[in-house]
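Below: the structure, in structure tokens.
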Amino acid sequence: SDVCSSDLVLDLRLLRPRSLFGNAALTTLLYALSHYAVPLLVSLDLQLVRGRSAVVAGLVLVVQPLAMAGLTPIFGRAFDRAGSRVLVPGGLAAAAVALGGLALLAESGPLIAVALCLGLLGAGMSAFSTPNEAAALGALPADRFATAGAILAAARNTGQFLSLAILGVVAASHLDRAGQRALLLRGASHATLTGFGSGLRPALLAAAAASAVGALVAFARPRSS
């Protein structure tokens, strides 16, 4: 006998590329891939390559979550008025610009400029995250919310793992195996730190590219969102 779609463990029709929910799941993955490893990479840049203290690095990095915390309620209200079609691709585009800026500033850019780019990244993330999830769930009946939430969480977690793996590999691509082991040791050699710095810029550019692709994908979502 036929099985009703509501009885399936995972209804793959939810992930149709042209559906709003499928689009939201894909953009969630790209969003997580583009940003999750960035604070770690920037922290290593500030402390290892530039020789700044952990306190200074923390003060620079905290700008991103502060921007998210301050702007998320504002973008939530904006979603109530205008939907996700502008906010979601706009947030990802802003994140792409911020990540590109961080790439240009890697190794030697002014700390204030790094902090401003992190603030823009936080703003882009807040413009994306709540409107994207709200639009995705709003496109489905209430009895699908649990499954939909699990799919979005899986997409987000997969993107985070890929972010650490891919961006980490790119950042370490100029290091040999001994250099990779020595990177986090106190007193790592100048050659090791230079090698990591050389890989940092392409890693951040790869993150910017993932965010830009996400913005294009999000812009193609159904107009009803």
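Numbering (our numbering), first residue to last: 53 to 277.
Beta carbons: idealized from backbone N, C-alpha and C, even for Gly.
Predicted model only: the values in this text are computed from it and were never measured.
- For T80, the CB contacts under 6 Å within the same chain, skipping 5 residues up- and downstream, are L204, A207, R208 in chain order.
- In terms of CA proximity to L172, V114 leads the group N75, A272, L268, V114.
- Per the coordinates, the alpha-carbon of L144 lies some 10 Å from the alpha-carbon of A175.
- The beta-carbon separation of A267 and P141, rounded to 5 Å, stays under the 8 Å limit for a contact.
- By the beta-carbon neighbour count (other beta carbons within 10 angstroms, threshold 16), L157 is buried.
- When the beta-carbon positions are compared, A89 and Q99 stay at least 8 Å from each other.
- Under the three-state reduction of DSSP, A89 is assigned to coil, being neither helix nor strand.
- The distance from the Cβ of L82 to that of A194 is about 27 Å, inconsistent with a contact at the 8 Å cut-off.
- Annotation: S225 to R129 spans about 43 Å, alpha carbon to alpha carbon.
- Taken through DSSP and simplified to helix, strand or coil, A158 comes out as coil.
- Within the model, the alpha-carbon separation for F197 versus V101 is close to 45 Å.
- For P183, the number of other beta carbons within 10 angstroms of its own is at least 16, and it is reported as buried.
- DSSP places S178 within a helical segment (H, G or I) once states are collapsed to three.
- For a cut-off of 8 Å, the C-beta gap from L96 to F213 is around 19 Å, too long to register as a contact.
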